[in-house]
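Asks: Below are the structure tokens for one structure; questions will follow.
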Amino acid sequence: MRTLRILLEKEFRQIFRNPAILRLIFMMPTIQLLIMPLAADYEVKNVKLCVVDLDRSAYSQKLVNKITSTNYFRLVDYTHSYDEALKYVEKDEADLVLQIPASFEKQLVTEEKTTLFLAINAINGVKANLGGAYLRSIIVDFNREVRLDWIQLPRLNVQPKLEVAAINWFNPLMNYQVFMVPGILVILVTMVGGFLSALNIVKEKEVGTIEQINVTPIRKHQFILGKLIPFWVLGLIILSIGMVISWLAYGIVPLGSMLTIYLFAGVYLLVVLGMGLLISTFVQTQQQAMLLSFFFMMIFIMLGGLYTSIESMPDWARIFTWFNPVSYFIEVMRMVVLKGSTLFDIRYHLLIVFLMGIMLNGFAVYNYRKRS
Amino acid sequence: MKQFLFFVQKEFFHLWRDKRTVWILFGMPVTQILIFGFALTNEVKNARIVVLDNAQDGASRAIIHELSASRYFDILRNLRSPDELERTFQEGKIKMAVVLPAGLENTMLHERTATIQLIADATDPNVAQTLANYATAIIMDYQQRQLGEQTVPYTINTEMRMLYNPQLKESYNFVPGVMAMVLMLVCAMMTSISIVREKEMGTMEVILVSPIVPIRVVIAKMVPYFLLSALNIASILLLSVFVLDVPIRGTLLLLVAECLLFTITALALGLLISSVAESQQVAMLISLMGLFLPTIMLSGFMFPVENMPVPLQIISNLVPAKWFYYIVKNVMIKGLTLEYVWKETLVLVGMTTFFMTVSILKFKTRLE
Chain A
17 MRTLRILLEK EFRQIFRNPA ILRLIFMMPT IQLLIMPLAA DYEVKNVKLC VVDLDRSAYS
77 QKLVNKITST NYFRLVDYTH SYDEALKYVE KDEADLVLQI PASFEKQLVT EEKTTLFLAI
137 NAINGVKANL GGAYLRSIIV DFNREVRLDW IQLPRLNVQP KLEVAAINWF NPLMNYQVFM
197 VPGILVILVT MVGGFLSALN IVKEKEVGTI EQINVTPIRK HQFILGKLIP FWVLGLIILS
257 IGMVISWLAY GIVPLGSMLT IYLFAGVYLL VVLGMGLLIS TFVQTQQQAM LLSFFFMMIF
317 IMLGGLYTSI ESMPDWARIF TWFNPVSYFI EVMRMVVLKG STLFDIRYHL LIVFLMGIML
377 NGFAVYNYRK RS
Chain B
406 MKQFLFFVQK EFFHLWRDKR TVWILFGMPV TQILIFGFAL TNEVKNARIV VLDNAQDGAS
466 RAIIHELSAS RYFDILRNLR SPDELERTFQ EGKIKMAVVL PAGLENTMLH ERTATIQLIA
526 DATDPNVAQT LANYATAIIM DYQQRQLGEQ TVPYTINTEM RMLYNPQLKE SYNFVPGVMA
586 MVLMLVCAMM TSISIVREKE MGTMEVILVS PIVPIRVVIA KMVPYFLLSA LNIASILLLS
646 VFVLDVPIRG TLLLLVAECL LFTITALALG LLISSVAESQ QVAMLISLMG LFLPTIMLSG
706 FMFPVENMPV PLQIISNLVP AKWFYYIVKN VMIKGLTLEY VWKETLVLVG MTTFFMTVSI
766 LKFKTRLE
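Taken in order, these protein sequences are the chains called A and B.
Throughout the first sequence, residue numbering follows our numbering, covering 17 to 388 in sequence.
Throughout the second sequence, residue numbering follows our numbering, covering 406 to 773 in sequence.
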């Protein structure tokens with residue numbers, strides 16, 4: 017016990033004597049948490065539309081007015097040449113081209129049928145799909161108005177009718193930041209914990225001070241614990257700062273209990289730090305440690321369900337996420353913070369992450385050699 | 406010149422003798438482009454939902470069947486009472502609940518309007534919205550079929566054409582983005598420790614007492630990593646075309662040239678970090694933690710730049726990956742020529758010059 021206390025004292029001293037690192041690990045997460053969530057807005061709005069109106073009739077004007085009066089579309093240009101419109105798409109200045117045929121009004125009125133032509137920049141498939149669907153629903157609406165102008169519909173609608181009412185729970189204002197902030201906080205805590213612990217032992221190797229520890233009677237598990245605890249404390253401090261920022265800047269107060277969050281975070285940090293320590297027992301230089309932990313971290317984060325949802329991934333990637341600690345923490349944070357889930361709801365998450373932590377740290381202790 | 410070549414040779418030895426690092430540097434971009442190219446998608450499918458069927462009649466069963474037949478939804482189970490709803494959401498297993506009102510078929514046929522409720526987990530607003538849209542479309546489709554096809558006068562049809570990506574493949578959007586992200590982070594990380602490591606190891610002194618000028622030291626450090634990156638670009642492009650099925654519609658020469666330019670930008674940024682950082686740890690933390698989130702979030706491939714608040718749109722211009730993503734998307738997928746991307750190319754050239762100049766100026770010829 018005393019050995020451990022002295023080891024901890026050494027580690028904490030080392031950390032506090034390096035103000036540059038200390039500044040970095042507190043400033044960087046703070047600034048990023050303040051800025052990054054603002055960038056995350058996936059709502060489809062400001063779709064840039066270019067209209068090619070070959071008709072220039074009263075009806076075509078009316079249609080264009082109707083489209084531009086919604087918030088979704090911004091009219092880039094109103095031309096009469098499709099090639100010109102296509103140029104806008106090429107230059108990324110337009111996402112959608114709506115072409116109104118030359119005899120739009122005439123066909124509609126005399127032949128009772130006409131066709132509009134819609135060209136969509138589909139590189140971003142989802143945006144293309146949604147933008148196209150919005151525009152089509154406006155056209156359908158417009159169509160109904162035209163019909164009302166021309167034919168007297170029976171006053172009582174005789175068709176059976178189904179209505180769909182959508183209700184949004186847990187985030188009725190559909191605020192995207194509420195969704196992103198807890199996830200980004202998880203990533204920041206993960207990066208700080210993972211990188212620092214991965215670099216730590218290997219730095220002692222590189223500088224040579226590990227020799228001094230190897231000749232002392234310090235046991236392997238004491239050494240690993242001595243490395244683990246300081247970063248564990250740091251991780252929890254960063255989490256706390258992050259919670260305060262999300263409360264002050266975004267007004268996010270966890271619906272569930274703080275205790276649940278901290279309990280899970282405490283166990284989760286064991287996994288992240290254990291992974292870092294394990295990597296640093298394997299490698300020889302700080303560069304290797306950094307590259308390896310970056311490699312795993314990036315895969316864990318990108319497939320963690322923050323940016324793209326896990327359900328949509330192919331099967332092999334979904335199976336991978338069972339072994340991805342980051343995806344568990346992101347899910348738990350969202351459940352507890354936004355939905356008010358209890359400890360009982362997250363019991364399996366907690367158990368799995370706990371087992372991961374035991375395995376990684378056990379392996380790290382086993383793999384640390386006091387002989388070179 | 407000879408002096409410079411010796412220096413390059415020295416840097417090559419440094420890199421080559423650490424076989425493990427070489428393997429990681431070569432294997433990492435390849436693995437990541439493969440994993441992300443396949444796994445990242447914004448499409449919503451297989452969303453787990455529950456159904457609360459208060460009607461238990463023909464119409465309700467037909468609607469449930471339609472929903473479960475669609476690839477967007479997986480019906481997890483049928484609930485028995487509304488009290489279970491909140492619990493099920495809190496357990497985190499489902500994204501949406503469909504509540505069918507009692508006597509649905511009856512109401513629909515006689516009283517003419519029946520309301521079906523969709524309760525979405527709106528913690529992820531995007532998914533909530535999309536799922537509600539899909540479900541509404543499926544239910545409306547069902548209703549349409551019940552009514553039978555009718556011809557209505559004064560009909561406006563819409564014909565849609567998907568430009569550049571007719572099959573709406575997600576990889577067309579993600580591959581250029583992942584290329585920008587991987588090249589940026591890997592290249593910047595490689596050079597970010599190169600100068601500071603010599604400081605830490607003490608070998609810097611040897612270089613400082615030699616007659617070589619700073620600019621040559623700095624450039625010599627870039628050369629081996631640049632060649633390694635060129636290999637990485639080749640393998641990334643080969644994988645994109647032959648494994649991920651993303652076409653190269655523009656000229657290959659232009660695309661490769663732009664990739665090489667971006668690599669130099671990233672390497673130069675790494676050198677800049679290296680010349681201001683005081684230790685390897687600081688350099689690595691800046692190059693990874695400092696670059697990771699901005700590169701993903703501000704380059705435009707995850708979240709559209711035009712949706713961001715104006716100050717953030719301005720900040721995003723400082724992210725080199727944003728310009729590169731734009732260039733790759735246009736050259737690779739739209740097949741445009743240099744004429745369309747020269748401005749963006751110029752921005753990258755300008756950034757590179759700036760990074761290089763500052764790192765050479767910051768390169769101290771004296772030890773503190």
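Note that the Cβ used here is the ideal one computed from N, Cα and C, for glycine as well.
Quick caveat: nothing in here was measured; it's all calculated off a predicted structure.
1) State the DSSP-derived secondary structure class of A:Arg235, mapped to helix, strand or coil.
2) Have a look at B:Ile620 and B:Ile765 and give me their C-alpha separation to the nearest angstrom.
3) Let me know the secondary structure DSSP gives A:Leu172 once reduced to three states.
4) If I measure Cβ to Cβ from B:Ile598 and keep anything under 7 Å in the same chain, skipping five residues before and after, which residues do I get?
5) In the DSSP assignment, find the beta strand (DSSP E) that holds A:Val92 and state where it starts and stops.
6) Excluding the 5 residues preceding and the 5 following B:Val646 in the sequence, name in chain order all residues of the same chain whose CB lies nearer than 8 Å to its CB.
7) Applying a beta-carbon distance threshold of less than 8 Å, which residues of chain A neighbour B:Gly695?
8) Could you work out which residues of chain B lie near A:Asn340, taking near to mean beta carbons separated by less than 7 Å?
9) Could you have a look at B:Ala527 and say whether DSSP puts it in helix, strand or coil?
10) Is it the case that the segment 60-71 of chain A contacts the segment 118-130 of chain A, given that we only count it when at least three CB pairs across the two stretches are under 8 Å?
11) For A:Arg350, return the contacting residues in chain B, with the cut-off set at a CB-CB distance below 7 Å.
12) Does any residue of chain A bring its CB to less than 9 Å from the CB of B:Gln461?
13) Can you list, in chain order, the residues of its chain whose CB lies under 7 Å from that of A:Phe28, leaving out five sequence neighbours each side?
14) By alpha-carbon positions, which one of B:Ile499, B:Ala467, B:Leu660 ends up nearest to B:Ala362?
15) Below 8 Å on the Cβ atoms is my guess for A:Ile368 versus A:Tyr344; work out the distance and round it to an integer in Å.
16) Beta strand (DSSP E) containing A:Gln115: first to last residue?
17) Give the range of the beta strand (DSSP E) segment to which B:Val456 is assigned.
18) If you drop the 5 nearest sequence neighbours on each side, which residues of the same chain put their C-beta closer than 6 Å to that of B:Ser465?
19) Label B:Asp526 either buried or exposed according to how many other C-beta atoms from any shown protein chain fall within 10 Å of its C-beta, with 16 as the threshold for buried.
20) At which residues does the alpha helix (DSSP H) containing B:Leu472 begin and terminate?
21) Mark B:Gly582 as exposed unless 16 or more other C-beta atoms lie within 10 angstroms of its C-beta, in which case mark it buried.
22) With 9 Å as the threshold, decide whether the Cβ of B:Tyr745 is near any Cβ in chain A.
23) If you run the structure through DSSP and keep just helix, strand and coil, what is B:Thr608?
24) Near A:Met196, what residues of its chain come up, given a Cβ to Cβ distance below 8 Å and the 5 sequence neighbours on each side ignored?
25) By the three-class DSSP mapping on this structure, what secondary structure does A:Thr301 have?
26) Residues in the same chain with beta-carbon distance under 6 Å from B:Ala673, minus the five sequence neighbours each way, listed in chain order, please.
27) Can you round the beta-carbon distance between A:Ala135 and A:Val113 to whole angstroms, since I take them to be within the 8 Å contact cut?
28) If you compare alpha carbons, which of A:Arg363, A:Asn377, A:Pro341, A:Ala380 is closest to A:Arg207?
29) What residue range is occupied by the uninterrupted alpha helix (DSSP H) comprising A:Ala135?
30) Among the residues of its own chain, which have a CB less than 7 Å from the CB of A:His308, if the five just before and after it don't count?
31) In this structure, what does DSSP give as the bridge partners for A:Asn184?
32) For B:Val449 and B:Val532, which I take to be in contact (beta-carbon distance under 8 Å), what is that distance rounded to the nearest angstrom?
33) For A:Pro330, decide whether its Cβ has a neighbour in chain B, counting only Cβ atoms nearer than 9 Å.
34) Between the Cα of B:Leu490 and those of B:Gln522, B:Leu536, B:Ala671, B:Asp479, spot the shortest distance and give me the residue it belongs to.
35) Whose Cβ in chain A lies nearer than 8 Å to the Cβ of B:Gln414?
36) Where do the ends of the beta strand (DSSP E) carrying B:Thr563 lie?
Replies: So, from the listed chains and residues:
1) Here residue 235 of chain A corresponds to residue number 219 of the first sequence, with the count starting at 1. Of the three classes helix, strand and coil, the one that applies to A:Arg235 here is coil, per DSSP.
2) For the purposes of this step, residue 620 of chain B is taken as the residue at position 215 of the second sequence. For the purposes of this step, residue 765 of chain B is taken as the residue at position 360 of the second sequence. About 6 Å.
3) Here residue 172 of chain A is taken as the residue at index 156 of the first sequence, counted from 1. In this prediction, A:Leu172 has a pLDDT of 45, which is less than 50 and means its spatial position is unreliable; nothing more can be read from the coordinates.
4) Numbered from its first residue, the second sequence carries residue 598 of chain B at position 193. The answer, listed in chain order, is Ser679, Gln685, Ala688, Met689.
5) Translated into the one-based positions of the first sequence, residue 92 of chain A becomes position 76. Unbroken beta strand (DSSP E) run through A:Val92: 89-95.
6) By one-based count along the second sequence, residue 646 of chain B stands at place 241. Excluding sequence neighbours, B:Val646 sits near Pro652, Ile653.
7) For the purposes of this step, residue 695 of chain B is identified with residue 290 of the second sequence, where counting begins at 1. The contacting residues are Met44.
8) Here residue 340 of chain A is taken as the residue at index 324 of the first sequence, counted from 1. Simply none; closest approach about 11 Å.
9) Reading the second sequence from its first residue, position 122 is the one you call residue 527 of chain B. Residue state, collapsed to three classes: coil.
10) yes
11) Here residue 350 of chain A refers to the residue found at position 334 when the first sequence is read from its first residue. Thr528, listed in chain order.
12) Walking along the second sequence from the start, residue 461 of chain B turns up at place 56. For B:Gln461, the answer is no, since every Cβ of chain A falls outside 9 Å of its Cβ.
13) The residue you call residue 28 of chain A lines up with position 12 of the first sequence. Counting only Cβ-Cβ distances below 7 Å, and skipping sequence neighbours, we find Pro246.
14) For residue 362 of chain B there is no data in the structure shown, the boundaries of chain B being 406 and 773.
15) One-based indexing of the first sequence puts residue 368 of chain A at position 352. One-based indexing of the first sequence puts residue 344 of chain A at position 328. Going by Cβ atoms, the distance from A:Ile368 to A:Tyr344 rounds to 6 Å, so yes, they are a contact pair.
16) Position 99 of the first sequence, counted from the first residue, corresponds to residue 115 of chain A. Looking at the DSSP string, the run of the beta strand (DSSP E) that includes A:Gln115 is 112-116.
17) In the second sequence, the residue the question calls residue 456 of chain B occupies position 51. 452-458 is the span of the beta strand (DSSP E), which, as asked, contains B:Val456.
18) Your numbering for residue 465 of chain B matches position 60 in the second sequence. Counting only Cβ-Cβ distances below 6 Å, and skipping sequence neighbours, we find Asp458, Leu505, Leu509.
19) In the second sequence, the residue the question calls residue 526 of chain B occupies position 121. Under this definition B:Asp526 is a buried residue.
20) By 1-based counting over the second sequence, the position of residue 472 of chain B is 67. From DSSP, the alpha helix (DSSP H) with B:Leu472 extends over 463-474.
21) Counting from one through the second sequence, the residue named residue 582 of chain B turns up at place 177. B:Gly582 should be labelled buried.
22) Within the second sequence, numbered from 1, the residue matching residue 745 of chain B stands at position 340. Closer than 9 Å to some Cβ of chain A, the Cβ of B:Tyr745 qualifies, so yes.
23) The residue given as residue 608 of chain B occupies position 203 in the second sequence. Note: B:Thr608 maps to coil in three-state DSSP.
24) Here residue 196 of chain A is taken as the residue at index 180 of the first sequence, counted from 1. The answer, listed in chain order, is Met52, Pro53, Ala56, Leu322.
25) Walking along the first sequence from the start, residue 301 of chain A turns up at place 285. In this structure, A:Thr301 counts as coil in the three-state DSSP scheme.
26) Residue 673 of chain B sits at position 268 when you count from the first residue of the second sequence. These residues qualify, in order along the chain: Thr757, Phe760, Met761.
27) By 1-based counting over the first sequence, the position of residue 135 of chain A is 119. By 1-based counting over the first sequence, the position of residue 113 of chain A is 97. Correct: roughly 4 Å between the Cβ atoms.
28) Your numbering for residue 207 of chain A matches position 191 in the first sequence. Sequence check: residue 207 of chain A is Met here, not Arg. The shortest C-alpha separation from A:Met207 is found at A:Pro341.
29) The residue labelled residue 135 of chain A in the question sits at position 119 within the first sequence. Careful: A:Ala135 lies outside any alpha helix (DSSP H), inside the beta strand (DSSP E) at 129-137.
30) For this step, residue 308 of chain A is matched to residue 292 along the first sequence. Looking at the sequence itself, residue 308 of chain A is Leu, so the reference to His does not match. Closer than 7 Å at the Cβ level, and outside the excluded window around A:Leu308, lie Ile295, Val299.
31) As a position in the first sequence, residue 184 of chain A is number 168, starting the count at 1. Paired residue(s): B:Ala525.
32) Here residue 449 of chain B corresponds to residue number 44 of the second sequence, with the count starting at 1. Here residue 532 of chain B corresponds to residue number 127 of the second sequence, with the count starting at 1. Right, the Cβ-Cβ distance comes to about 6 Å (below 8 Å), so this counts as a contact.
33) Reading the first sequence from its first residue, position 314 is the one you call residue 330 of chain A. At least one chain B Cβ lies under 9 Å of A:Pro330.
34) As a first step, residue 490 of chain B must be located in the second sequence, where it is residue number 85. When only C-alpha atoms are compared, the closest one is B:Gln522.
35) On the second sequence, residue 414 of chain B is found 9 positions in, with the first residue counted as 1. Per Cβ cutoff of 8 Å: no residues; B:Gln414 is ~20 Å from chain A at best.
36) Position 158 of the second sequence holds residue 563 of chain B. Looking at the DSSP string, the run of the beta strand (DSSP E) that includes B:Thr563 is 560-568.
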